[in-house]
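According to numbering that gives the first Met the number 0, the sequence shown is numbered sequentially starting from 0. Note that CB positions come from ideal geometry on N, CA and C, so glycine has one too. A short write-up of the structure that comes next.
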Amino acid sequence: MFDTVIQGGTIYAPNNTFVGDIGITGETIGEIKEGGGLAGSNVIDASGKCVFPGFIDPHVHIHLPFMGTNAIDDHESATKAALVGGTTTIIEMICPGPDDEPLAAFNEWKKLAELGACSDYTFHLAVVRFDALAQEQLRELVANEGVQSFKIFLAYKGALAISDDDLLELMKMCRELGVTLTAHCENAEAIDSMQKQLVAEGKTGTQWHEPSRPRSVEAGGVQHLCEFAERAGATVYVVHTSCGEAVNRAMEARKRGVDVTVEAVAPHLVLDKTYAERPDFEGAKFVMSPPLRDKEEHEALWNGLASGSVSTIGTDHAPFNFHGQKDMGIDNFTLIPNGIPSIQERVDLVHTHGVCKNKIDLRTMVDVCSTNVAKTFNMYPRKGVLAVGSDADIVVYDPSFTGTFIHADGLSKIDYSGFEGMERRGRSDVVILRGKLVAEKGKYVGETGTGEYISR
Ligand code: URP
Ligand code: ZN
Ligand code: ZN
0 MFDTVIQGGT
10 IYAPNNTFVG
20 DIGITGETIG
30 EIKEGGGLAG
40 SNVIDASGKC
50 VFPGFIDPHV
60 HIHLPFMGTN
70 AIDDHESATK
80 AALVGGTTTI
90 IEMICPGPDD
100 EPLAAFNEWK
110 KLAELGACSD
120 YTFHLAVVRF
130 DALAQEQLRE
140 LVANEGVQSF
150 KIFLAYKGAL
160 AISDDDLLEL
170 MKMCRELGVT
180 LTAHCENAEA
190 IDSMQKQLVA
200 EGKTGTQWHE
210 PSRPRSVEAG
220 GVQHLCEFAE
230 RAGATVYVVH
240 TSCGEAVNRA
250 MEARKRGVDV
260 TVEAVAPHLV
270 LDKTYAERPD
280 FEGAKFVMSP
290 PLRDKEEHEA
300 LWNGLASGSV
310 STIGTDHAPF
320 NFHGQKDMGI
330 DNFTLIPNGI
340 PSIQERVDLV
350 HTHGVCKNKI
360 DLRTMVDVCS
370 TNVAKTFNMY
380 PRKGVLAVGS
390 DADIVVYDPS
400 FTGTFIHADG
410 LSKIDYSGFE
420 GMERRGRSDV
430 VILRGKLVAE
440 KGKYVGETGT
450 GEYISR
């Protein structure tokens, strides 16, 4: 007799899809039985629905001091939003300032997460300083705290950007420690120069954000990262890739033997640059970096996901209110805090725009939104798979649900939705985290603060 049985759903087991039951004991999956027949104290009827492993978001910002303000969510609001949308584990970026010590930053972020996180969580640690003390602390965090991925920025001059000298040395350290280096690929100097030129010409509106950081700059950043990785023998992961040109640079490097993985994020797959061109400063809601591109780039990214050149889909959830935060840049687009939140919407956006439009199939959706993330970031097979002994993180998904994305349904603290009024197909009807029911039909029903840190 299991604690809970999920009965009669179409189960997405590794390499196999079948109708059957899943039995949960405590926090883990005890049995998976094709055809069904398991008994439990608590039974969840999944007939007619899909049963997926809990989704994992590889790119989230919650506590984010950035561009003169701080992102508006806390760990409670962001992770409740994640869970309602079917995401049971998040990887948050720890982004300290250039003077902050890595150890203090890790402790600050972890403490905040421990207070409020409802989903499970782990961290990528941004490296913004690389002096002797920072190097020592980075080694300590890998050895003692299960940190397995760092983050660097080839953007945000004077704030988060790393120098080439430090980048090469950091990559050597990553190789030695077996750490994956995730990277925001642009070119901080080029962007700074283009921003200054545009503003000097009076081009200060939101429509100038994309031209200030064109595709060639992003592709150049990917090329740069991969050349350094080739030299250092490091494993690299390109975050929020927005265009085909950038994916191609990574694939060329992969052919040369570079261990590079490419991430797409939900906004770049669904929205295009015309959103950021909307009048009356409305475009500010759609300012993120790399920027939203031409619609044609959606095809390049979906094709990359279908072919395997793009391996994961995250969100880059970075919530800044339209009123009181985005409007810091009302007279100058370079001052608009960057970010388009989608932690709650991600899976349904991928289902609506990817699966329902035949760009990818359901198996690929599971791979890129869960399994590949777990494998890339050392959480597999605890996370990212329906298998005996894995954490019972399970989503009963209704692919036939139809509705509309609206801000009022959101659990994030953000004051707008970038997807307002857009068609929605699919919903996570039942979300289970380590054996406990946490969300049902768009409502959070779990306890607060029960998310666990995943040491990797
Ligand atoms: O626009 C973005 N992406 N904001 C968050 C910071 C980052 O670059 O990931
Ligand atoms: Zn970034
Ligand atoms: Zn980010």
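Exercise for the section: Please classify residue 175: is it buried, with 16 or more other beta-carbons within 10 angstroms of its beta-carbon, or exposed? Expected result: exposed
Exercise for the section: Can you check DSSP and say which residues form a bridge with residue 427? Expected result: 396
Problem - Enclosing beta strand (DSSP E) for residue 91 [first to last residue] - result: 86-93
Handout entry: residue 173, DSSP secondary structure in three states
Key = helix
Practice task
Measuring only between beta-carbons, confirm whether residue 22 sits less than 8 Å from chain C.
Solution key: Among the chains of the structure shown, chain C does not appear; only one protein chain is present.
Exercise for the section: Leaving aside the five residues before and after residue 402 along the sequence, list all residues of the same chain whose C-beta is less than 6 Å from its C-beta, in chain order. Expected result: 423
Problem - For residue 349, the nearest candidate out of 264, 164, 229 (CA to CA) - result: 264
Exercise for the section: Indicate, with yes or no, if ligand 2 has a heavy atom lying under 7 Å from the CB of residue 221. Expected result: no
Practice task
Please find out if some non-hydrogen atom of ligand 1 comes closer than 7 Å to the beta-carbon of residue 282.
Solution key: no
Handout entry: Anticipated Cβ contact below 8 Å, residue 43 with residue 385, distance rounded
Key = Contact flag wrong, Cβ pair sits at about 14 Å.
Handout entry: The alpha helix (DSSP H) enclosing residue 76, as first and last residue numbers
Key = 74-83
Handout entry: Buried versus exposed call for residue 38 [16 or more other C-beta atoms within 10 Å across all chains shown]
Key = exposed
Handout entry: residue 286 beta carbon near ligand 3 (any heavy atom closer than 7 Å)
Key = no
Handout entry: Nearest candidate by alpha-carbon position, reference residue 198, set 7, 333, 96, 244
Key = 333
Handout entry: Touching by the beta-carbon criterion (3+ pairs, under 8 Å), the region 88-101 and the region 353-360
Key = no
Practice task
Please confirm whether any heavy atom of ligand 1 lies closer than 7 Å to the CB of residue 408.
Solution key: no
Problem - Same chain only: Cβ atoms within 6 Å of residue 311, ignoring 5 sequence neighbours per side - result: 57, 262, 367, 371, 372
Exercise for the section: Let me know if residue 284 comes out buried or exposed under the rule of 16 or more other beta-carbons within 10 Å of its beta-carbon. Expected result: buried
Handout entry: Residue closest to residue 445, alpha-carbon to alpha-carbon, out of 152, 80, 17
Key = 80
Practice task
Report yes if the C-beta of residue 267 is less than 7 Å from at least one heavy atom of ligand 2; otherwise report no.
Solution key: no
Problem - Alpha-carbon spacing of residue 185 relative to residue 12, whole angstroms - result: 38 Å
Problem - Nearest residue (CA-CA) to residue 321, options 308, 307, 340 - result: 340
Exercise for the section: Have a look at 114, 336, 162, 113 and flag the residue whose alpha-carbon is nearest the alpha-carbon of residue 126. Expected result: 162
Exercise for the section: Pull up the DSSP beta-bridge partners for residue 6, would you. Expected result: 44
Problem - Nearest candidate by alpha-carbon position, reference residue 267, set 292, 118, 246, 165 - result: 292
Handout entry: Residue from 24, 112, 15 whose Cα sits closest to the Cα of residue 59
Key = 112
Problem - First and last residue of the uninterrupted beta strand (DSSP E) at residue 100 - result: Note, residue 100: premise wrong, no beta strand (DSSP E); not H, not E.
Handout entry: Sub-8 Å separation of residue 10 and residue 50 beta-carbons
Key = yes
Exercise for the section: Taking only runs that begin and end inside the region 309-344, name each unbroken beta strand (DSSP E) of 3 or more residues, in chain order. Expected result: 311-313
Handout entry: Contacting residues, own chain, Cβ-Cβ under 7 Å from residue 227 (five flanking each side not counted)
Key = 166, 167, 170
Exercise for the section: Check the DSSP bridge columns for residue 148 and list the partner residues they point to. Expected result: 179
Problem - Given 8 Å, three or more beta-carbon pairs between the region 247-256 and the region 218-237 - result: yes
Practice task
Report all residues from its chain with a CB closer than 7 Å to the CB of residue 377; omit the five preceding and five following residues, and keep chain order.
Solution key: 147, 455
Exercise for the section: Could you say which of 413, 118, 142 lies nearest to residue 434 if we only look at CA atoms? Expected result: 118
Handout entry: beta-carbon residue 238 near ligand 2 non-hydrogen atom, thresh 7 Å
Key = yes
Handout entry: Length of the line joining the Cα atoms of residue 28 and residue 398
Key = 23 Å
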